[in-house]
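**Q** Protein chains in written order, with my numbering: chain D, 1 to 133; chain E, 1 to 162. Next up is a structure, given as structure tokens.
Quick look at the structure:
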């Protein structure tokens with residue numbers, strides 16, 4: 001049953017970064033798509049607003065951290081079903097030389113974070129003109 | 001060009017969910033029963049084929065004094081692509097998650113997100129008033145508030161002696 005849903009989330013047992021708050025954090029599911037001159041990274045972060053999401057790039061590692069506040073008072077709520085957990089999202093990716101890290105653009109819409117990672121000029125496909133001699 | 005998902009083996013436990021194993025088992029059993037009965041009751045025509053192609057939606061269901069709150073995480077789904085119905089004491093949610101980016105399969109370097117049709121139905125814990133159903137979809141989280149039917153509240157009937 002777990003395999004047939006889009007909102008299966010994986011909990012991380014320890015806290016990978018210092019600023020991580022107490023509580024559970026989840027691995028954001030992501031798609032990576034390679035286009036001709038950019039790479040797209042699309043991650044599901046339901047419940048996170050733009051101001052709740054931090055995207056950091058350091059030493060070739062791109063990290064995504066999304067804060068998600070509890071939606072209901074845990075103590076007083078009578079839950080009959082709790083099929084998913086609510087908590088922060090965290091994910092990090094190693095990025096090779098081929099990405100121009102200074103030009104990474106991020107946007108979030110309806111709980112989906114999209115990162116545009118432009119390829120560095122050196123690795124972009126280029127057509128070399130052949131001149132007649 | 002390399003862009004690979006990175007994770008430390010010690011830090012990620014794939015099978016863990018937020019719930020204790022008992023709670024999770026209970027949730028799964030409930031889901032199993034709900035789906036089994038929903039399907040067998042909703043007639044062969046609609047149930048025979050669609051479950052194979054439709055993905056489920058995970059829910060949070062909170063029972064309150066005079067209302068029930070149902071939540072689901074449906075990121076990347078536009079509000080107009082969410083369909084919420086209350087039929088008797090059952091709630092039916094359908095959603096369509098479309099790809100934002102036009103892509104060819106060959107462009108996928110790594111794929112974890114599921115797209116397509118999602119559906120779920122759940123039995124509500126009390127009789128509800130279909131006129132008091134509100135649904136909103138914000139930041140990828142669907143919240144449905146359903147008012148309970150006040151006339152259906154349990155009433156104690158005094159038992160008279162002779």
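For glycine and all other residues, C-beta sits at the position ideal for the given N, C-alpha and C.
Determine, for residue 79 of chain D, whether the minimum Cβ-Cβ distance to residues of chain E falls below 8 Å.
**A** Closer than 8 Å to some Cβ of chain E, the Cβ of residue 79 of chain D qualifies, so yes.
**Q** Drop a sphere of 10 angstroms on the beta-carbon of residue 110 of chain D, count the other beta-carbons inside from all chains shown, and report buried for 16 or more, exposed for fewer.
**A** Answer is buried; the Cβ neighbour count reaches 16.
**Q** If distances are taken between C-alpha atoms only, which option among D/41, D/36, D/37 comes closest to residue 111 of chain E?
**A** Residue 111 of chain E has its Cα closest to that of D/41, out of D/41, D/36, D/37.
**Q** Should the segment 23-42 of chain D be regarded as contacting the segment 110-129 of chain D, the criterion being three or more beta carbon pairs within less than 8 Å?
**A** As far as the Cβ criterion goes, the segment 23-42 of chain D touches the segment 110-129 of chain D, which means the pair count is three or higher.
**Q** Measuring CB to CB, does residue 52 of chain D end up less than 8 Å from residue 63 of chain D?
**A** Not closer than 8 Å, so no.
**Q** Hey, how far is the Cα of residue 77 of chain E from the Cα of residue 118 of chain D?
**A** If you take the alpha carbons of residue 77 of chain E and residue 118 of chain D, they lie about 26 Å apart.
**Q** So, is residue 156 of chain E buried or exposed, given that buried needs 16 or more other C-beta atoms within 10 angstroms?
**A** Per the 10 Å Cβ criterion, exposed.
**Q** Determine the DSSP secondary structure at residue 103 of chain D, reduced to helix, strand or coil.
**A** Residue 103 of chain D falls in the helix class under three-state DSSP.
**Q** Taking the beta carbon of residue 22 of chain E as the centre, do at least 16 other beta carbons fall within 10 Å, making it buried, or is it exposed?
**A** That one is exposed.
**Q** Using 8 Å as the cut-off, can you tell me whether the segment 120-136 of chain E makes contact with the segment 71-85 of chain E, which would need three or more C-beta pairs spanning the two stretches below that distance?
**A** Counting Cβ pairs under 8 Å, three or more are found: they touch.
**Q** Does the separation of the CB atoms of residue 67 of chain D and residue 88 of chain D fall below 8 Å?
**A** Taking 8 Å as the Cβ cut-off, residue 67 of chain D and residue 88 of chain D qualify as a contacting pair.
**Q** At a CB-CB cut-off below 8 Å, which residues of chain D make contact with residue 110 of chain E?
**A** Those are 30, 31, 32, listed as they occur along chain D.
**Q** Can you list the residues of chain E that residue 40 of chain D reaches, using a CB-CB cut of under 7 Å?
**A** Result: 101.
**Q** Within a Cβ cutoff of 6 Å, which residues of the same chain sit near residue 147 of chain E, ignoring the five residues on either side of it in sequence?
**A** If we look at residue 147 of chain E and ignore the five residues flanking it on each side, its Cβ neighbours are 67, 129, 132.
**Q** Does the beta carbon of residue 83 of chain D sit closer than 8 Å to a beta carbon anywhere in chain E?
**A** Closer than 8 Å to some Cβ of chain E, the Cβ of residue 83 of chain D qualifies, so yes.
**Q** Rounded to the nearest angstrom, what separates residue 103 of chain E and residue 149 of chain E at their Cα positions?
**A** One C-alpha to the other measures close to 47 Å.
**Q** For the beta strand (DSSP E) containing residue 63 of chain D, list its first residue and its last residue.
**A** Taken as a continuous stretch (DSSP letters only), the beta strand (DSSP E) holding residue 63 of chain D covers 61-66.
**Q** Using a Cβ-Cβ cut-off of less than 9 Å, give me the residues of the segment 57-77 of chain E that come near chain D, in sequence order.
**A** Taking 9 Å as the Cβ-Cβ cut-off against chain D, the residues of the segment 57-77 of chain E that qualify are 57, 58, 59, 60, 61, 62, 63, 64, 68, 69, 70, 71, 72, 73, 74, 75, 76, 77.
**Q** When the Cα atoms are used, what is the spatial distance from residue 27 of chain D to residue 158 of chain E?
**A** Answer to the nearest angstrom: the Cα atoms are 55 Å apart.
**Q** Taking 8 Å as the CB-CB limit, is residue 149 of chain E close to chain D?
**A** Not closer than 8 Å to any Cβ of chain D, the Cβ of residue 149 of chain E fails to qualify, so no.
**Q** On the criterion of 16 or more Cβ atoms from any shown chain inside 10 Å, does residue 74 of chain E qualify as buried, or is it exposed?
**A** Looking at its Cβ environment, which holds 16 or more other Cβ atoms inside 10 Å, residue 74 of chain E is buried.
**Q** If you count every other CB in all the chains shown that lies within 10 Å of the CB of residue 161 of chain E, and 16 or more means buried, which is it?
**A** Residue 161 of chain E should be labelled exposed.
**Q** Got a sec? Which residues, its chain only, sit under 7 Å from residue 54 of chain D by beta carbon, not counting five neighbours each side?
**A** 65, listed in sequence order.
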